[in-house]
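Notes for the one structure printed next.
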Amino acid sequence: MFIPPGFYQHSVMTSLGKMVYYTAEGQPWVTQEVPHADVPTLVFFHGFGGGSSSYEWSKVYPAFAAQYRILAPDLIGWGQSDHPARDYKVEDYVNTLIEFMEKTCSGPTTVIASSLTAAFVIRAAIARPELFKSLILTTAAGLSDFGENYTRSFFTQLVNIPVVDRLFYTAGVATSFGIRSFLEQRQFARPERISDEIVEAYLESATQPNAEYAALSFVRGDLCFDLSEYMTRLTVPTVILWGEKSQFTGPEIGRRLAEMNPTVVQFHQLTDVGLTPQLEIPAVTIGLIQKFLPPLEPAE
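Under my numbering, the sequence shown is numbered contiguously, ending at residue 303.
Listed below in structure tokens is the structure:
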């Protein structure tokens, strides 16, 4: 388990099963002088890929634990959360994100999310805007945006073949070599930023029982959609951060999405970084989140 000091595991039930999350409960974060219930909440949702989990944000969210109540969940099908054996659809994640917010947050909350999950968060914020105070998103893409067809890729075609899909996952994804190769080729701009700990954390998640179901649903393209069809309906203030070397979708996609709703959405491109700045350049990511967070209300 890769849990920062002072953070502990809890869970809530959703319509698809138990959703695990991590929150600060111990020293040095929670003290009698600052009761847990008296600080605002920040929710960190991880993205998708072989072995994804809340670990993705674990180098970032402790920086906010002194002033905020932190919630960092593992999505259904990932990390330590339940892994129902099913073919996952977009609605599964939009609905369980909303359920998690309803059960853990007492009012409008700032949500920080990445990649495809960030696109799901946008849809959740359109469906239930009263749950969201603001959004800070990295590489928010539906992977079929503006007519792009993610399902044309070689790997997508490969994992649509029965039996081959499971072999592909077991031999090509859920191994240290497979994870490191994916991170180097698809997720990071600079491979030297990938530590052994990152690989080990992804491997732990990727080898959970039934972990292949959510991962293969992602690789097949079952979770892709055209985010451009939704952007004009977003009313929650949103900042989108985008690594210039993101392999799945380049920053021009993010810029076009933001330009569809300029009064609500800000766009910022990050140089020399790939899909997950929160892992590749966590200190910079922390600084940017601090810059764009809504101001804290003064204590009475």
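Quick reminder that beta carbons are idealized off the backbone N, C-alpha and C, glycines included.
Inset, instruction - Specify the secondary structure class of V166 as computed by DSSP and reduced to three states. - result: Any reading at V166 must be qualified, since the residue scores a pLDDT of 47, below 50, and its modelled position is unreliable; no value is offered.
Inset, instruction - Taking K106 as the reference, give the member of A177, A66, T44 with the closest Cα. - result: T44
Legend entry - Touch test, the stretch 95-103 against the stretch 228-243, Cβ-Cβ under 8 Å, three pairs minimum: By the criterion of at least three beta-carbon pairs nearer than 8 Å, the stretch 95-103 is not in contact with the stretch 228-243.
Legend entry - For A192, the nearest candidate out of Y172, G253, T238 (CA to CA): The shortest Cα separation from A192 among Y172, G253, T238 belongs to G253.
Legend entry - Candidates Y24, F123, N213, S18: closest to Q12 by CA position: Checked all of Y24, F123, N213, S18; the closest Cα to Q12 is Y24.
Inset, instruction - Count the other CB atoms, across all protein chains shown, that sit within 10 Å of the CB of G82; report buried if there are 16 or more and exposed otherwise. - result: Counting Cβ neighbours within 10 Å, G82 comes out buried, since at least 16 surround it.
Legend entry - Element boundaries [beta strand (DSSP E), containing V46]: Unbroken beta strand (DSSP E) run through V46: 44-48.
Legend entry - Element boundaries [beta strand (DSSP E), containing Y11]: Where Y11 is concerned, the enclosing beta strand (DSSP E) stretches over 10-17.
Inset, instruction - Could you tell me which residues DSSP pairs with Q272 in its beta bridges? - result: The secondary-structure analysis by DSSP pairs Q272 across a beta bridge with W245.
Inset, instruction - Return the CA-CA distance between G29 and I289, expressed in angstroms with no decimal places. - result: So the alpha carbons of these two residues sit roughly 22 Å apart.
Legend entry - Sheet register partners of S117 (DSSP bridge): T141
Inset, instruction - Please confirm whether any heavy atom of the ligand SAM lies closer than 7 Å to the CB of P87. - result: The ligand SAM is not part of this structure, which contains no ligands at all.
Legend entry - Residue interval of the beta strand (DSSP E) (run including A75): 72-76
Inset, instruction - Go ahead and pull the three-state DSSP assignment for G257. - result: G257 falls in the helix class under three-state DSSP.
Legend entry - Beta-carbon contacts of I125 that lie in its chain and below 8 Å, excluding the five residues immediately before and after: L138, L140, A143, L230, Y233, M234, L237, T241
Legend entry - Cα-Cα separation, G246 to F270: 11 Å
Legend entry - Beta-carbon proximity of K62 to L282, cut-off 8 Å: A contact, by the Cβ cut-off of 8 Å.
Legend entry - Close Cβ partners of V166 (< 7 Å) along its chain, the five nearest in sequence each way excluded: Confidence in V166 is poor, its pLDDT being 47 and thus under 50, which makes the residue's placement too unreliable to answer from.
Legend entry - For G20, the first and last residue of its enclosing beta strand (DSSP E): 20-27
Inset, instruction - Check whether the Cβ atoms of F228 and S117 lie closer than 8 Å to each other. - result: no
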